[in-house]
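Visitor:
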Amino acid sequence: MGKLRARLISFMYGRYGVDQLYYGMLVLSLVIMVINAFVRFFVLDLLVWAILVLMIFRTFSRNIYKRRLENQRFLKFWRPVKSKFSITFARIKEFRTKRYRKCSHCKAMLRLPRKTGKHVVNCPRCHRDFDVRVLW
Ligand SMILES: [Zn+2]
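When we follow this note's numbering, the leftmost residue of the sequence shown carries the number 416, and every step to the right adds one.
1. By Cβ distance, which residues of its chain are closer than 7 Å to Lys419, with the 5 residues on each side in sequence left out?
2. Which residue or residues does DSSP assign as beta-bridge partners of Gly532?
3. Suppose contacts are defined by Cβ-Cβ distances below 8 Å. Is Arg562 in contact with Arg473 by that definition?
4. Ligand 1 heavy atoms versus the CB of Arg516: any closer than 7 Å?
5. Could you give the distance in angstroms between the alpha-carbon of Lys530 and the alpha-carbon of Ile479?
6. Going along the chain, which unbroken runs of the beta strand (DSSP E) with 3 or more residues stay wholly within the segment 490 to 518?
7. Would you say Arg526 touches ligand 1, meaning its beta carbon is less than 7 Å from a heavy atom?
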């Protein structure tokens with residue numbers, strides 16, 4: 416077992432390996448597979464294979480610089496999507512106790528206690544006041 420591990424480590428030496436884009440592609444291919452289980456469209460099959468081949472290619476690639484750039488481009492797109500998702504999820508989860516409002520000056524998302532009525536809120540980021548209305 417130790418010998419196999421050592422061989423794997425020496426094989427992976429200088430190769431790129433796994434990153435966030437890898438997991439993103441994995442999830443994307445799984446989603447396409449699930450969709451394709453219903454629609455059964457051969458182009459989607461090809462797409463899944465193409466993604467899997469690309470994933471393997473990227474993992475064993477020796478051009479680490481280029482793979483890193485690809486990952487950065489992916490993260491640039493993915494981070495805002497992810498934060499939007501997590502805010503939406505938190506909004507639902509804390510619906511009974513908290514309200515989420517955007518600061519009208521700096522657009523920061525603020526998590527406020529749920530108090531109905533009109534309030535003046537001081538933004539902790541830009542330190543300016545703005546009005547908030549919580550109806551329910
Ligand atoms: Zn602000």
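In this text, a Cβ means the ideal position worked out from N, Cα and C, and glycines have one as well.
All figures in this text were calculated on a predicted structure; none of them were measured in a lab.
Guide: Here's the rundown:
1. Sequence inspection shows Leu at residue 419; the Lys mentioned does not correspond to that position. Nothing listed; no residue qualifies.
2. Gly532 is bridged to Val549.
3. Given a span of 416 to 551 for the chain in the structure shown, any question on residue 562 remains unanswerable.
4. Flag unset: Cβ of Arg516 not near ligand 1.
5. Their Cα atoms are separated by approximately 52 Å.
6. Here the runs fully enclosed are 513 to 517.
7. Not under cutoff, so the answer is no.
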